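Residue numbers (this note's numbering): 151 to 355.
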């Protein structure tokens, strides 16, 4: 795992998890086009709208190709390369948490494969977190909760204990996290399979 420590900054950072190998899809999901642009660029745009200059992208599989794409579109984007990405999403989440500045008070965890999640969705999370910055804030959908979500610093220690394909949801479900849940049905759809890709093309324009 290659991690570099970023310059100090107060407030909220976004950790965009884009390290997955898209095994079930057979094609890098980060590069699937949605509304003309690759999904990873849509995700960065949404993140920059709520945490401008404080977006950290975690790459792993296809890192050279994705890094080149990001470099062509953004002048100064913070990137972490997780060489252990095959160990599961937990390793990428930990890589991102390790790289955010010590002064950061919270992290917005975002994925690249939820095309329905945009600026407005993220702004709702940020607004809720700013009202009660000591609490986690999560998207609620399909009877549960998950990402995108904002995790305050006090729960980061538990994030570092995760492994395998266990993501932030495990921490958000913990009663100690005192999580605020916002109804966010647009977060329910994610692109994991060829069928999801066809659905994206025909129903999410």
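Note that beta-carbon positions come from the ideal geometry of N, C-alpha and C, so glycine has one too. In this text, all values refer to a predicted model and were calculated from it rather than measured experimentally.
Unbroken alpha helix (DSSP H) runs of no fewer than 4 residues, entirely contained in the segment 229 to 257, are found at 239 to 249, following chain order. Secondary structure at residue 194: helix, using DSSP grouped into helix, strand and coil. Pairing residue 293 with residue 331, the inter-Cα distance amounts to about 11 Å. Take the alpha-carbon of residue 204 and the one of residue 254: they are about 10 Å apart.
For residue 188, DSSP records a beta bridge to 183.
When only Cα atoms are considered, residue 321 and residue 280 end up about 20 Å apart. Short of 6 Å from the beta carbon of residue 259, and not among the five residues preceding or following it, lie these beta carbons of its own chain, in chain order: 165, 297, 299, 318.
Going by DSSP, residue 218 is part of the alpha helix (DSSP H) stretching over 213 to 223. Residue 170 and residue 206 have their C-alpha atoms some 16 Å from each other. Linking residue 240 to residue 233 through their CA atoms gives a straight-line distance of about 13 Å. Judged by their CB atoms, residue 261 and residue 200 are not nearer to each other than the 9 Å cut-off.
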